[in-house]
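Enquirer: Below you will find the structure I want to go over with you.
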Amino acid sequence: MLTVVKRKFPLINREISWLYFNERVLQEAADKTVPLMERLRFLAIFSSNLDEFYRVRVATLNRLVDINNKTKTMLGFNPKKLLNEIKNIVVKLEKRFDYLYEQEIIKELEARKIFIINEHQLNVARGAYVRGFFRQQVLPTLVPIMLEGDDSAKPFPELKDRHIYFIVKLTFRKKVKYALIEIPTSIFSRFLILPENKELKFIILLDDIIRYCLDDLFFIFEYDTVEAYSIQLTRDAELDIDANVSEKFVDALMHSLQRRDKGRPMRLLYDSDIPLDTLNYLVSRMQLDQEALIPGGRYHNFKDFVDFPNVGGEPLEYPPMTQLRVNNLDLSRSIFSQMAQRDYLVSLPYQSFDYIVHFLREAAIDPKVKEINICLYRLAENSSVINALINAAQNGKTVNCLLELKARFDEEANIYWRNRLEEGGVNVNIGVVQYKVHAKVCLVTRREKRGLVYYANLATGNFNEKTAKHYCDHSLFTIDPLITKDLKHLFKGLEKQVFYNGYKSIITSPLGTRQRLYQLIANEIEMTRLGKKGYLILKMNSLSDEEMIEKLYEANNAGVTIQLIIRGMCCLVPGQEGFSERITVRSIVDRYLEHARVWIFGNGGDELMYLSSADLMTRNIDRRVEVAFPILDARIRKEIRDIIDIQLRDNTKAREINQLNNNRYIGAKSKIRHRAQEDIYNYLKYKS
1 MLTVVKRKFP
11 LINREISWLY
21 FNERVLQEAA
31 DKTVPLMERL
41 RFLAIFSSNL
51 DEFYRVRVAT
61 LNRLVDINNK
71 TKTMLGFNPK
81 KLLNEIKNIV
91 VKLEKRFDYL
101 YEQEIIKELE
111 ARKIFIINEH
121 QLNVARGAYV
131 RGFFRQQVLP
141 TLVPIMLEGD
151 DSAKPFPELK
161 DRHIYFIVKL
171 TFRKKVKYAL
181 IEIPTSIFSR
191 FLILPENKEL
201 KFIILLDDII
211 RYCLDDLFFI
221 FEYDTVEAYS
231 IQLTRDAELD
241 IDANVSEKFV
251 DALMHSLQRR
261 DKGRPMRLLY
271 DSDIPLDTLN
281 YLVSRMQLDQ
291 EALIPGGRYH
301 NFKDFVDFPN
311 VGGEPLEYPP
321 MTQLRVNNLD
331 LSRSIFSQMA
341 QRDYLVSLPY
351 QSFDYIVHFL
361 REAAIDPKVK
371 EINICLYRLA
381 ENSSVINALI
391 NAAQNGKTVN
401 CLLELKARFD
411 EEANIYWRNR
421 LEEGGVNVNI
431 GVVQYKVHAK
441 VCLVTRREKR
451 GLVYYANLAT
461 GNFNEKTAKH
471 YCDHSLFTID
481 PLITKDLKHL
491 FKGLEKQVFY
501 NGYKSIITSP
511 LGTRQRLYQL
521 IANEIEMTRL
531 GKKGYLILKM
541 NSLSDEEMIE
551 KLYEANNAGV
561 TIQLIIRGMC
571 CLVPGQEGFS
581 ERITVRSIVD
591 RYLEHARVWI
601 FGNGGDELMY
611 LSSADLMTRN
621 IDRRVEVAFP
631 ILDARIRKEI
641 RDIIDIQLRD
651 NTKAREINQL
661 NNNRYIGAKS
671 KIRHRAQEDI
681 YNYLKYKS
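Here is the structure:
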């Protein structure tokens, strides 16, 4: 059933739309053409996505439950009703998840002689191996907490956010004791590979190792039966930070991070086989609302299955795509000398992030380079970007780094990087307290014979070499003076915590994006009025800003053709008479995560094209520092247009977003198959 917000124009609720996006991830796990290990990983991604959804979006809705009716009218929905609808959808998705894992993937693994076995399926030899591992490795790390009865005044232990626990039920002559065990997944791998036997491969989960050896833990108690059931609590992970504490911001952020593991409970995921009396005991002691209870399978924190050991070899994974070189961009030569000749585009992950690292490394050692300015949001665990910036500072360059400490779930890592950078001599600006700096831009100042010359890198994705292997993004190298002059002005403003407007080439949030996009949309309406073909092609992760959606409806009604490629949530309702007959929306979910933001405007036949760090969400338009940048080089414009056209032809991994939200595959009956990510790789391979 479609949830449409009551406005003067149709809207899908953003939370409901997001759940349908996560269903597309689950579709990949169900797709039998996807290699088996990859299907397992899509289950893990689905699970991890859902955890974050509860920690952030459901947490926010719970905070809204007690607001008055006037505020509910302003919101356009009743938070409590929406939470119930979310729960109904999640329960259905969890059932589909359990079926896929238990009835399909497990059985297909077994057909390949790979067995995930539990504690009841261990023979004598494997049982002895497991018990030896448990006693030598696991047992010293476990200390069960014995729980009091229902009427105890002693508070129930604080369960950590997203950690897995066993609620253990010991029964002796109808008397019941309960205990709590935290599964030590931060210490041990979740998976133990057992000795192979006659080409049969066996894997057991840490959870089941502990279940098998419960008698070693509770030997001092008398019991007739002992049972263990998995539970996992997801907490409110939103941070409450006073926006006016700029001087003590880091301390305030650290304090909020320390509270995150003790946030309000949002969801208790529990083994659906748990006895009713045990579940009631938990609900009573933990003081949980019924809405927070989500029945699940035997195993929780399924995100750990991203690291499931592939004991079946290469056929069970996607074949590797060797990263391609960028045509005419040579890593063995100065990147600055090559940029002086023309602009270059790196399309990740098909092409290597090494080009960006090479750019920064050269800037660090080139004696002509005087200054580096860069915005950082999310970084790899062992960041070559950080190392290059520190080396540049130690080589006497002025290095100014705007490091966004408020990058959600990367706050602690970024505080660490801040300290490393400052120790290395880098000037670190922790951003504008009220706004997240989400732009992905770097500007290098070099003194040459003709004076100061500026070399820029602007991207749709982070300066992160790990995600660059899995995220589809674009990264532009340019010395175009229109762009570099604007970037110089931008960095000057960020240093002073001032937002400028009136840039000549780039489009920036929070001041310029909304009005400039309105102008560009209005221009397409005017082109249509003049009898020319008005059209927009917009690619992004999410579309939820209501005013922007209203403008797109307005353009539709004026005769403008609109094609949207949206990976995640889309609050616009396509195909609605009087609003969106000329609007089509597709979502591509495949082996790589589609992350690039591309804006194309027909402009009467002289196309305008921008790449951006921003999605069309209110936060990105009005409450973040974002940069959209024009593609001025005709060859690069054609390359990006070709890539977008390839995505618009996809009939293998593209789903239609429609009024029914049924995630229907586009062109499912077509004889000629087009799979965008494979076709883009081959296109770039041919060009290189």
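When you line the sequence shown up against the UniProt record's numbering, it's residues 1 to 688, in that order. C-beta: ideal position from N, C-alpha, C; glycine also.
Quick one: what does DSSP say Val573 is sitting in, helix, strand or coil?
Expert: By 1-based counting over the sequence shown, the position of residue 573 is 573. Coil, per DSSP.
Enquirer: Which of the three DSSP states, helix, strand or coil, is assigned to Ala243?
Expert: By 1-based counting over the sequence shown, the position of residue 243 is 243. Low confidence applies to Ala243: its pLDDT is 44, below 50, so where it sits in the model is not reliable, and the reading given next is rough at best. It is coil, neither helix nor strand.
Enquirer: Taking all protein chains shown into account, decide if Glu15 is buried (16 or more other Cβ within 10 angstroms of its Cβ) or exposed.
Expert: What you label residue 15 is simply residue 15 of the sequence shown in a count that begins at 1. With 16 or more Cβ atoms within 10 Å of its Cβ, Glu15 is classed as buried.
Enquirer: CA-CA distance, Gln434 and Ile274?
Expert: Translated into the one-based positions of the sequence shown, residue 434 becomes position 434. Translated into the one-based positions of the sequence shown, residue 274 becomes position 274. Taking the straight line joining both Cα atoms gives about 45 angstroms.
Enquirer: How about the region 131 to 149 and the region 209 to 220: do they share at least three Cβ pairs that are nearer than 8 angstroms?
Expert: yes
Enquirer: Span of the alpha helix (DSSP H) holding Phe133?
Expert: The residue labelled residue 133 in the question sits at position 133 within the sequence shown. Counting along the chain, the alpha helix (DSSP H) containing Phe133 begins and ends at 124 to 133.
Enquirer: Taking the alpha carbon of Tyr318 as the reference point, which residue from Leu36, Asp650, Met609, Arg55 has its own alpha carbon closest?
Expert: Counting from one through the sequence shown, the residue named residue 318 turns up at place 318. Nearest C-alpha to Tyr318: Leu36.
Enquirer: Since Trp599 sits in a beta bridge, which residues does DSSP pair it with?
Expert: Counting from 1 along the sequence shown, the entry for residue 599 is found at position 599. DSSP output for Trp599 lists Leu538, Tyr610 as bridge partner(s).
Enquirer: So, Ala628 versus Ser612, is the Cβ gap smaller than 7 angstroms?
Expert: Position 628 of the sequence shown, counted from the start, is the residue given in the question as residue 628. Position 612 of the sequence shown, counted from the start, is the residue given in the question as residue 612. Yes, these two residues count as a Cβ contact at 7 angstroms.
Enquirer: Starting from the C-beta of Thr171, find all residues in its chain whose C-beta is less than 7 angstroms away, skip the five residues before and the five after it, and write them out in chain order.
Expert: Stepping through the sequence shown from its first residue, residue 171 is reached at position 171. Excluding sequence neighbours, Thr171 sits near Tyr223, Asp224, Thr225.
Enquirer: May I ask you to verify whether the region 194 to 204 touches the region 109 to 118, counting CB pairs closer than 8 angstroms and requiring at least 3?
Expert: yes
Enquirer: Between the Cα of Ser475 and those of Asp236, Ser189, Ser347, spot the shortest distance and give me the residue it belongs to.
Expert: Walking along the sequence shown from the start, residue 475 turns up at place 475. When only C-alpha atoms are compared, the closest one is Ser347.
Enquirer: Answer yes or no: do Asp645 and Ile588 have a C-beta to C-beta separation smaller than 7 angstroms?
Expert: The count along the sequence shown starts at 1 and reaches residue 645 at position 645. The count along the sequence shown starts at 1 and reaches residue 588 at position 588. For Asp645 and Ile588, no; Cβs fall outside 7 angstroms.
Enquirer: So what's Leu253 in DSSP terms, helix, strand or just coil?
Expert: The residue labelled residue 253 in the question sits at position 253 within the sequence shown. Confidence at Leu253 is low in this model, with a pLDDT of 46, below 50, so the placement of that residue is unreliable and no value is reported for it.
Enquirer: So the alpha helix (DSSP H) His358 belongs to, where does it begin and stop?
Expert: Here residue 358 refers to the residue found at position 358 when the sequence shown is read from its first residue. Unbroken alpha helix (DSSP H) run through His358: 354 to 365.
Enquirer: Residues in its own chain within less than 8 angstroms of Asn84 by CB, not counting five upstream and five downstream?
Expert: Residue 84 sits at position 84 when you count from the first residue of the sequence shown. The answer, listed in chain order, is Glu291.
Enquirer: What residue range is occupied by the uninterrupted alpha helix (DSSP H) comprising Gln27?
Expert: Here residue 27 is taken as the residue at index 27 of the sequence shown, counted from 1. For Gln27, the uninterrupted alpha helix (DSSP H) run begins and ends at 14 to 30, by DSSP.
Enquirer: Among the residues of its own chain, which have a CB less than 8 angstroms from the CB of Pro184, if the five just before and after it don't count?
Expert: Residue mapping note: residue 184 aligns to position 184 of the sequence shown, counting from 1. Here the set comprises Val138, Thr141, Leu142, Leu206.
Enquirer: Leu536 and Ile600 look like a contact to me (Cβ under 8 angstroms); what is the Cβ gap, rounded to whole Å?
Expert: On the sequence shown, residue 536 is found 536 positions in, with the first residue counted as 1. On the sequence shown, residue 600 is found 600 positions in, with the first residue counted as 1. Between Ile600 and Leu536 the Cβ distance is about 7 angstroms, and since that is below 8 angstroms, they are a contact.
Enquirer: Along the chain, which unbroken stretches of the beta strand (DSSP E) at least 3 residues long are found entirely within the region 644 to 675?
Expert: 654 to 656
Enquirer: According to DSSP, which residues form a beta bridge with Gly451?
Expert: If you number the sequence shown from 1, residue 451 lands on position 451. DSSP lists Glu448 as the bridge partner or partners of Gly451.
Enquirer: Taking the C-alpha atoms as reference points, what is the distance between Phe166 and Phe463?
Expert: Counting from one through the sequence shown, the residue named residue 166 turns up at place 166. Counting from one through the sequence shown, the residue named residue 463 turns up at place 463. Using only the alpha carbons, I get a separation of about 39 angstroms.
Enquirer: On a Cα-Cα basis, can you pick out the residue from Arg162, His163, Ala179 that is closest to Lys169?
Expert: As a working mapping, residue 169 is identified with position 169 in the sequence shown. Measuring from the Cα of Lys169, the nearest candidate turns out to be Ala179.
Enquirer: Count the other C-beta atoms from every protein chain shown that fall within 10 angstroms of the C-beta of Arg63, then say buried if there are 16 or more, exposed otherwise.
Expert: Stepping through the sequence shown from its first residue, residue 63 is reached at position 63. Burial check for Arg63: the Cβ neighbour count within 10 Å stays below 16, so the residue is exposed.
Enquirer: List the endpoints of the continuous beta strand (DSSP E) containing Phe115.
Expert: For the purposes of this step, residue 115 is taken as the residue at position 115 of the sequence shown. Unbroken beta strand (DSSP E) run through Phe115: 114 to 117.
Enquirer: Do the region 41 to 56 and the region 558 to 572 make contact, defined as three or more Cβ pairs closer than 8 angstroms?
Expert: With the cut-off at 8 angstroms, the region 41 to 56 and the region 558 to 572 do not touch.
Enquirer: Compute the beta-carbon to beta-carbon distance between Ile566 and Leu552, rounded to the nearest angstrom, for a pair I have assumed lies under 8 angstroms.
Expert: Translated into the one-based positions of the sequence shown, residue 566 becomes position 566. Translated into the one-based positions of the sequence shown, residue 552 becomes position 552. About 12 angstroms separates the two Cβ atoms, so there is no contact after all.
Enquirer: Could you pull out every residue in the same chain whose Cβ sits closer than 8 angstroms to the Cβ of His470, ignoring the five residues on either side in sequence?
Expert: Against the sequence shown, residue 470 aligns to sequence position 470. Excluding sequence neighbours, His470 sits near Pro349, Tyr592, Leu593.
Enquirer: Which residue from Val65, Lys92, Asn88 puts its Cα closest to that of Pro79?
Expert: Position 79 of the sequence shown, counted from the first residue, corresponds to residue 79. The shortest Cα separation from Pro79 among Val65, Lys92, Asn88 belongs to Val65.
Enquirer: Ordered along the chain, which non-local residues of its own chain (more than five positions away) have a Cβ less than 7 angstroms from that of Phe302?
Expert: The sequence position of residue 302 within the sequence shown is 302, counting from 1. The answer, listed in chain order, is Leu43, Ala44, Ser47.
Enquirer: Alpha carbon to alpha carbon, how far is Cys472 from Trp18? Give it in angstroms, no decimals.
Expert: In the sequence shown, counting from the first residue as 1, residue 18 sits at position 18. In the sequence shown, counting from the first residue as 1, residue 472 sits at position 472. One C-alpha to the other measures close to 20 angstroms.
Enquirer: Buried or exposed: where does Val245 fall if 16 or more other Cβ atoms within 10 Å of its Cβ makes it buried?
Expert: Counting from 1 along the sequence shown, the entry for residue 245 is found at position 245. Low per-residue confidence applies at Val245: pLDDT is 38, beneath 50, and the placement is therefore not dependable, though the value from the model is reported in the following sentence. So Val245 ends up on the exposed side.
Enquirer: Unbroken alpha helix (DSSP H) runs of length 4 or more, entirely within the region 256 to 320: which are they?
Expert: 276 to 286
Enquirer: Going by C-alpha distance, which of Glu581, Ile657, Leu538, Gln576 is nearest Gly559?
Expert: As a first step, residue 559 is located in the sequence shown; it is residue number 559 there, counting from the start. Ranking the options by Cα distance to Gly559, first place goes to Glu581.
Enquirer: Determine the closest residue to Lys32 out of Lys107, Asp51, Ile12, Ile187, with distance taken between C-alpha atoms.
Expert: Locating residue 32 in the sequence shown gives position 32, counting from the first residue. Residue Lys107 is the option with its Cα nearest to Lys32.
Enquirer: For Ala111, name the three-state secondary structure that DSSP assigns.
Expert: What you label residue 111 is simply residue 111 of the sequence shown in a count that begins at 1. Residue state, collapsed to three classes: helix.
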